[in-house]
Structure formats: C-alpha cells, structure tokens
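Just so you know, the protein sequences line up as chains A and B, in that order.
Quick note: the first sequence uses the numbering used here, first residue 1, plus one each step.
Quick note: the second sequence uses the numbering used here, first residue 377, plus one each step.
All C-beta atoms, glycine included, are put in the ideal place defined by N, C-alpha and C.
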Amino acid sequence: MKTQPGEYFIQGNEACVEGAIAAGVRFFAGYPITPSTEIAEGLARRLTGDDGVFLQMEDEIACISAVIGASWGGAKSMTATSGPGFSLMQEAIGYAAMSETPVVIVNVMRGGPSTGQPTRASQGDVMQTKWGSHGDYQVIAFAPASVQEMFDLTVETFNYAEKYRVPAFLLSDAEVGHMRGLLTIPDKIRIVNRKEKGVKRSDEAYDISDELVHPFPVFGKGHKTMITGMTHAEDSRIEPEDSKIHQELVTRLSEKVLMNRKDINKWDVMCPGSKTMVVSYGAASLGAMEVAAQDDRIGLLRLKSIWPFPEEPVAEIASQCDRILVCEMNLGQLYGDIKRVALEAGCRKVELLSKIGGDPPTPSEVRHKLHEMGAI
Amino acid sequence: MELFDFYRKDRWPHVFCPGCGNGTVMNCFYRAFNDLGLSLDRTAFVGGIGCSSRIPLYINSDALHTTHGRAIAFATGLKLASPELKVVVFTGDGDLGAIGGNHFVNGCRRNLDMTVICINNNIYGMTGGQASITTPHDFMSTTTPTGNKEYPFDLAEIAVAAGANYVARWTTRQVHELTKSIKTALQKKGFAFVEIVAQCPTNFGRRNKMADPTQLLDWFKESSVRRDKARAAAVDHVDLNLAGQITVGEFVDRNRESYEELIGVVKHG
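Given below as structure tokens:
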C-alpha cells in the first residue's frame, strides 16, 4: 500500500522503501547487511499479500538472481545491499546487462575493501558499479544526498531501469541511508513502465526505437521467450562463435545508455558562473553545499546521476570556470573522468579533496582545500 | 503434441555428443509432460550452465538460461512473480551440487512449487571432463589424473534432508520408472527433485574404460539397487558410489505445505 502524499520525518533507507513502493516494486529479495538492512526490513513489512513478495534469500547471489527471475515474470524487482554483498552480485549484474533485464540494485556504500567499515559511509564502489562484472556494458546509477533524494532517485532508478532495460543502481551510502530528515511525498510522481512486447500503452518507454531497446517479452504470455547470458541473435538464438552478432549486441548494450545521457543525467548547480566550482555527489557534497551557500565565490555542481558519466554538465561548468575541486569519499574514482572532461573543456586546474574513513568532508575541510588552491 | 512440437527443431543441431544421456531424459520428460496434458504456454523452463542446463533452450516455451549454479534462485523469483506458471529447472551435478549447492539446499528447504531435473553425469562435460562433486572415488578425470581422492555427494539424500516434498533418483537405464517419477514431480505441490544418473561417454566413460555408451548403461543396470529393496535387506551403506551401487527409487513423497501456500502468493507480474 502506497503511503499518502504529505510530509514525513524519516530515515534515508526508509525513504528508499517509500520510493520503491511509489515506483511500483512488486518483488524484493534481500540478505541482511549493514548499512542497508532497513530497506529489507521495511519492504518485508510492506510487500505482503496483494502488494508483492518479499524474500530473504540464502546469499546475495541468490537475491540478485531471484530479482532477475522475477523481472522476467513481469514484476518490478529490486534488491538492496552493501559492499561485500554488492561484490557477490557482480556476475549476475552482467547477466542482467546482457539479457537486458530491468532490475534495481540499491547499494548503501560502506568502507571497503573486504569487510572494511560496516557502519561507516564511503563512496568506494563508484567504479565497481560501472566495471564490476566482466565484459563491456553500461549501467545507470544515481547518487542521493538527502532523505528526499533517497525517495526521488529510487523512483528514477526504477524508471530508467524499466525504460532502457538495464540494471540500474541507487548508489547511496551509510551517511545518507541512516540520515534522518524531511521527506515530502508529492501528489503526482512520474512512473515509467517497461515497453512490453505485444502491448501498446502510452508510456515514455515506448518513445525509444525498438531497434535500440527491444520490447520486453514477459514470460507466460505465449511469446516463447528465450533468454540467455550468452551472445545471442535478435531472435535469441545462441551464437557465441559469431563475431558480428557479438559486436552488434554488445555495442547496442552500451549505446542505448550512452546515446541517451541527456535523458538520464540529473544534476544541480549552485552559484553557476563562479570562478571556482566544486564537483561532487552524494554524502561527499554535503560540506561543499554549505560552503557554496555561504560563499558566492564558490559554486557547486552536484551530480545526482553518475553513470553514464555526465559529460555535458561537467564540460559546461568547466568551460566557464578557472578551477575545479572534486570532493569524493574514496581515493579519487570519479575524479579521473571529471578531470578528463574538464581539461578538454578548457579548465586549467582540477584538484581532488579525497576523504575516506567514514565521514564526509566538512565545510571547513572544503574551505581549507579551496584556500590551498588559491580560490578563497 | 508431437515430439517436435515440444522441442524446437529450428534450434537443431543440438550441442549434445552422440550417446549422451540428455537425449533419454529429454524423451522421458516429453512423454511425462505430454501424458499429463500440460501446456507449454503455461510452463517456463530454467537452466544454469552446463550440458544439461542447455535443455530449456530446445523446448518450445519460455526459457531462462541463467548463470552457473543459480538456476533455482532465478526460478524462485520467476515463480513468485508468476505463480500461475509451472516452473521446471534443468541442471547438472556441477551446476546444482557444487557452485549452486547453497541454492539447492535452500530451494528444498523453502519448498517452493518447482520441478528440478538434475542430470548427474558425474563429470563436468562441457568444459572437457573435470571431476565433479559426484565423480566416484578413484575414478579418472582430467583434474584427477591419479583417480579421485574425494568421495561423492549423494544429491537425493541431501534433497531429502533439506526438506523437498518429492525426491527420486533413477538412471537413464530405467526409462519407465523415470518417466513416472517426472510425472509425479510435475504434479507435486512444493519442491520436487528428480536426479538422473546419466551417461557421458565422451568425458566420463572414455577416461574410465567405458567409452561405449552401452557399457555405461549396462553398468548402471548392474549397479542399480532399488531403495526399497536395499532398505528391506537392511543394507547399511548404499550411497551413490558408482564403484559399488547406485540407490534408485523414490526417496521421499510427502506433502509439506509449499511456500506459495504458506504466504498465499498472488500474481505480481
């Protein structure tokens, strides 16, 4: 049952549950892991009877596998996990990419590698999200920085998973997942449902060409759907030895995401036109948000989606500023792409404020770094 | 329904070697399915990775060919999203009992409505004949060049202990009994598991002085012991030790409440 529109004071992970329900989740499989467990607990209470199925499985591999299976049954499906569980899911994430299965994976990031810091925040899985499974593929990932965005971007993660038939990610972290704050559930929410084979509906998923995103043949509708993770032709015939079929398939898997960057990418800009811009996302942007709000010499580009890499907004601010500071809660994962695009766009100086250990960079740490750079 | 209404002739030739036991199992499965008058449009087939896991791709129905070992986990999600579908998993000894062992035991425990057909050829066939978790002790494989030092799993006994509602094991030699067990399994509420000890002449027989598939079938016949007879004779140690005996028969047939009955699932897809 959907929660009534209105204002609520709740936890980030609970807002993710509300977002999933609002988006129409019908199947969730999870395994207990800190700091994402509240999402499983919340959906265990919500997905009962007519509302859907909650399943606690034997491990995270089983969770993502069941979620993919449920998606072929036509259900909007999701799992939530953190570092070690996310690592276990990687093979099946590649399967979802190859089989073009819409699934939502929430990763409430904690400090790694290995068991690392189960209760502390991190952005260490940014590159793993993009490159975690073997082979070439593209994914869609959103990075919330508030309780409200845990709701809003969970809905978007579902929307884009459905629209492009891809595994899509909500890359949260222990800070945002456990943060408490105000959530406004609006009256109207944009919900996208997958383009279904043999069904015509008025939905934005149908706007994309069938050549780029094939209509989804739900099981049990007489389509004689054949789904495989092996290289396959358009009629799903297995053709692992055919290099042309492989090239066409894998190229399309990437292009359907990369060619639609403008549709997918979301960002916020504070103080556009500032000579110094901070580029950040998720919990790492909290300190910079405060600095930009107080100091009109400093602007902020806050990325709400990080994959596919938002080249256009980064290039645009880089072409207008003298220096960029990238803030991340890792040793510099998105920094490489930001620097590449910013230098190409004519910005001369791109530096990194990297902070690991569990706490987001504070406003004073951001100011200190900006001072070192000669910005303030 | 004719055989080639059931199987996709357009996907022939298949990948199976001459003499492979998969053909026997496919034939028995088709007969059981057809005799029961089941609908291909109301059935989904799920496979993992390996020779036997390819079978779903030859069936004229919805098929999900998944990752190695995870077929039961994929099938679990599919079944719960579409409870009106009959879900059948085809898997092998390596796929089910080694890499997928966790999902196997938990699938039995969860007792969801599904039929799992495990074709146990005692070897990794597709990758060229490496020892599996059911390769008998002392037998040869490419990864046990001096004979297998380990002892095999008994998949049927594991399924019984883990809670499946129906468990049977036959070899490809007992086609009538096998067909009957597949029928029972397809009609069973809850988790139904049928293990078939099947010949792999190419990668198992050839390295163990039984390159001719008929040698393997004769050997299956000679070493099969009916479970009820073994019990009656108080034979203590009748495990799946191919060097000695293969216990065959129905291991359990019970009616524990299925997961669907327990949670009262409705269609969500």
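Neighbour flag for residue i against chain A, beta carbons, 7 Å
{"i": "S428(B)", "result": "no"}
{"i": "R545(B)", "result": "no"}
{"i": "N584(B)", "result": "no"}
{"i": "D417(B)", "result": "yes"}
{"i": "A317(B)", "result": "Coverage of chain B is limited to positions 377 through 645, which leaves residue 317(B) absent and any answer about it impossible."}
{"i": "D489(B)", "result": "no"}
{"i": "H613(B)", "result": "Low confidence applies to H613(B): its pLDDT is 49, below 50, so where it sits in the model is not reliable enough to give any reading."}
{"i": "D438(B)", "result": "yes"}
{"i": "A420(B)", "result": "yes"}
{"i": "L554(B)", "result": "no"}
{"i": "V628(B)", "result": "no"}
{"i": "G453(B)", "result": "yes"}
{"i": "P389(B)", "result": "no"}
{"i": "T443(B)", "result": "yes"}
{"i": "F450(B)", "result": "yes"}
{"i": "H461(B)", "result": "Sequence inspection shows Leu at residue 461(B); the His mentioned does not correspond to that position. Chain A contact via Cβ: present."}
Residue i, enclosing beta strand (DSSP E) - first and last residue
{"i": "N107(A)", "result": "103-111"}
{"i": "E626(B)", "result": "622-629"}
{"i": "S209(A)", "result": "Neither: S209(A) is in no beta strand (DSSP E) and is coded neither H nor E."}
{"i": "M490(B)", "result": "490-496"}
{"i": "R269(A)", "result": "The sequence given here has Val at residue 269(A), not Arg. Start and end: 267-270."}
{"i": "R323(A)", "result": "323-328"}
{"i": "I376(A)", "result": "Premise fails: I376(A) is in no beta strand (DSSP E) and is neither H nor E."}
{"i": "I306(A)", "result": "305-307"}
{"i": "F54(A)", "result": "53-56"}
Where the alpha helix (DSSP H) through residue i begins and ends
{"i": "W388(B)", "result": "Run containing W388(B): none; DSSP gives neither H nor E here."}
{"i": "D588(B)", "result": "No alpha helix (DSSP H) contains D588(B), which DSSP labels as neither H nor E."}
{"i": "A451(B)", "result": "447-457"}
{"i": "S429(B)", "result": "Element bounds for S429(B): n/a, residue is neither H nor E."}
{"i": "Y335(A)", "result": "335-344"}
{"i": "S364(A)", "result": "363-372"}
{"i": "D384(A)", "result": "Nothing can be reported for residue 384(A): it is not among the residues displayed for chain A, which extend from 1 to 376."}
{"i": "K462(B)", "result": "Taken as a continuous stretch (DSSP letters only), K462(B) belongs to no alpha helix (DSSP H), being part of the beta strand (DSSP E) at 462-468."}
{"i": "S71(A)", "result": "60-72"}
{"i": "M89(A)", "result": "83-99"}
{"i": "I317(A)", "result": "311-318"}
{"i": "D438(B)", "result": "That residue, D438(B), is in no alpha helix (DSSP H); its beta strand (DSSP E) goes 438-441."}
Three-state class that DSSP yields for residue i in the structure shown
{"i": "Y635(B)", "result": "helix"}
{"i": "K349(A)", "result": "strand"}
{"i": "R201(A)", "result": "coil"}
{"i": "K556(B)", "result": "helix"}
{"i": "L286(A)", "result": "helix"}
{"i": "G424(B)", "result": "coil"}
{"i": "I33(A)", "result": "coil"}
{"i": "V601(B)", "result": "strand"}
{"i": "K355(A)", "result": "coil"}
{"i": "M402(B)", "result": "helix"}
{"i": "H613(B)", "result": "Any reading at H613(B) must be qualified, since the residue scores a pLDDT of 49, below 50, and its modelled position is unreliable; the value itself is stated next. The answer is coil: DSSP assigns H613(B) none of H, G, I, E or B."}
{"i": "G377(A)", "result": "Residue coverage of chain A in this structure runs from 1 to 376, which leaves residue 377(A) outside it and unanswerable."}
{"i": "V570(B)", "result": "strand"}
{"i": "Q4(A)", "result": "coil"}
{"i": "T184(A)", "result": "strand"}
{"i": "E196(A)", "result": "strand"}
{"i": "F219(A)", "result": "coil"}
{"i": "G299(A)", "result": "strand"}
Interface flag, residue i vs chain E, CB-CB below 7 Å
{"i": "R446(B)", "result": "The chain labelled as chain E is not found among the protein chains of the depicted structure, namely A and B."}
Closer than 7 Å to chain B by CB, residue i
{"i": "M95(A)", "result": "Looking at the sequence itself, residue 95(A) is Tyr, so the reference to Met does not match. Cβ-Cβ to chain B under 7 Å: yes for Y95(A)."}
{"i": "M277(A)", "result": "no"}
{"i": "V53(A)", "result": "yes"}
{"i": "G179(A)", "result": "First, the residue type needs correcting, since residue 179(A) is Met and not Gly in the sequence shown. No, M179(A) does not count as interfacial toward chain B."}
{"i": "F219(A)", "result": "yes"}
{"i": "T79(A)", "result": "no"}
Should the segment 421-433 of chain B be called in touch with the segment 457-472 of chain B, which here means at least 3 C-beta pairs below 8 Å? yes
Ordered list of beta strand (DSSP E) runs contained in the segment 105-172 of chain A, each at least 3 residues: 117-121, 140-142
Counting pairs of Cβ atoms below 8 Å between the segment 64-72 of chain A and the segment 126-144 of chain A, do you hit three or more? no
Contact between the segment 90-99 of chain A and the segment 467-486 of chain B: three or more CB pairs below 8 Å? no
Given 8 Å, three or more beta-carbon pairs between the segment 513-524 of chain B and the segment 534-546 of chain B: no
Counting only runs that start and end within the segment 512-557 of chain B, where is the beta strand (DSSP E) found for 3 or more residues in a row? 542-547
Is there contact between the segment 179-188 of chain A and the segment 338-350 of chain A, where contact requires at least three CB pairs shorter than 8 Å? no
For the segment 354-367 of chain A against the segment 259-268 of chain A, are there 3 or more C-beta pairs whose distance is under 8 Å? No contact exists between the segment 354-367 of chain A and the segment 259-268 of chain A.
How do the segment 499-515 of chain B and the segment 552-561 of chain B stand: do at least 3 beta-carbon pairs fall below 8 Å, yes or no? no
Cβ contact (3+ pairs, closer than 8 Å) linking the segment 210-222 of chain A and the segment 69-89 of chain A: The segment 210-222 of chain A vs the segment 69-89 of chain A: in contact.
Per the contact definition of three or more C-beta pairs closer than 8 Å, is the segment 319-326 of chain A in contact with the segment 148-165 of chain A? no
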